[in-house]
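First the structure, in the form of structure tokens, and then the observations on it.
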Amino acid sequence: MVVINLGEPFAQVFRLREAGPAVRVVGSLVAGLEDGPRVCDHPGGQEAIRLELTPLGAYRLFAVPMRELTNSVFELRDVLGPGADELVERMSATPDWTQRFDLLDAALLTRLDRGPDPSPEVAHAWRLLARSAGTIPVARIAAEVGWSHGHLVRRFTHQVGLTPKATARVLRFHRSVELLSREGTDLRQLAATCGFYDQAHLNREFRALADITPAGLAAARRVEGAHEL
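Quick look at the structure:
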């Protein structure tokens, strides 16, 4: 993920249950893939553009081993170089949003044109995981791409940031969150649909990845919906 911050910086960005100092001021940022909960606090109103990237799109854009970004947040300049500050300054000085997006598009396309291409095998492995929402066995993926399990794990982690197994775990979680947003979702059926062993497994994964239970998240979503009305 990339956040182009055109207003106040974030006050805090930290992972829950992580030891060490929690507070750091971050302006525009890059966040790698996460397999745990992270909190971003902001002091007030926010003016920003958030880019949600596919893992392989991020690999082309950032041109670094993606495992170096995993579970971490960096200032934009630390990943994209000093030109990132100039881009943010030009966007901040431009009040028109169409022109802001034009500046951003031009900068992104230039980097993407120069960036490394993901290997076809890793791209295929990612598509298999994404299409199955993380339910396809890693052994089957390795067989389909023609690599050993160990070679798949190494190459995939280099270009995606998480291992295939960890990526599958995150994808199952995201799928379950999507289905949980529907009215009257049965948690036992949700667990079965999304590839969890049982409801207890579903609960443990929600705790590990979001620090909340499925029932707690569903209740929070209902409150948010009521406030929007």
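Quick note: the sequence shown, position 182, residue 1005 per the working numbering, numbers continuous.
Every residue gets a Cβ at the ideal spot worked out from N, C-alpha and C, and that includes glycine.
Treat the numbers as computed from the prediction; the structure is a model and nothing was measured.
Where residue i sits in the DSSP three-state scheme
i	result
residue 857	coil
residue 887	coil
residue 959	coil
residue 873	strand
residue 852	strand
residue 1051	Residue confidence is low: residue 1051 scores 46 on pLDDT, short of 50, so the model does not pin down where it sits. Its coordinate-derived value is still stated next. Residue 1051 falls in the helix class under three-state DSSP.
residue 846	The pLDDT assigned to residue 846 is 47, lower than 50, so where the model puts this residue is not dependable; a value taken from the coordinates is nonetheless given after this. Here residue 846 sits in coil by DSSP.
residue 831	coil
Cβ-Cβ separation, residue j to residue i (assumed contact under 8 Å), whole Å
i	j	result
residue 879	residue 982	7 Å
residue 964	residue 927	Rounded, the Cβ-Cβ distance is 34 Å, inconsistent with contact.
residue 829	residue 915	5 Å
Residue i Cβ short of 8 Å to the ligand PLP heavy atom set
i	result
residue 1023	Summarising the ligand content, the structure contains no ligands, and the ligand PLP is consequently not present.
Which listed residue (the options) has its alpha carbon closest to that of residue i
i	options	result
residue 990	858, 825, 824	858
residue 1019	958, 869, 922	958
residue 897	825, 1037, 1043	825
residue 894	931, 830, 984	984
residue 849	881, 908, 883	908
residue 1003	992, 944, 1031, 1043	1043
residue 861	1034, 1041, 1040	1034
residue 890	979, 930, 921, 1029	979
residue 923	1000, 876, 882, 870	870
residue 939	886, 863, 1038	886
residue 986	941, 921, 829, 961	961
residue 935	883, 863, 832	883
residue 851	903, 997, 1029, 992	903
residue 863	831, 881, 877, 876	831
residue 974	994, 944, 995	944
residue 933	954, 918, 910	910
Host alpha helix (DSSP H) of residue i (start-end)
i	result
residue 1028	1022 to 1033
residue 1013	1010 to 1016
residue 924	920 to 937
residue 1003	987 to 1003
residue 973	972 to 983
residue 906	906 to 915
residue 892	Counting along the chain, residue 892 falls outside any alpha helix (DSSP H), and DSSP gives it neither H nor E.
residue 943	943 to 954
Where the beta strand (DSSP E) through residue i begins and ends
i	result
residue 897	896 to 898
residue 825	825 to 828
*Pairing CB atoms from the segment 948 to 958 with CB atoms from the segment 849 to 857, are three or more of them under 8 Å?*
no
*the segment 967 to 974 / the segment 1001 to 1017 touching (three or more Cβ pairs under 8 Å)*: no
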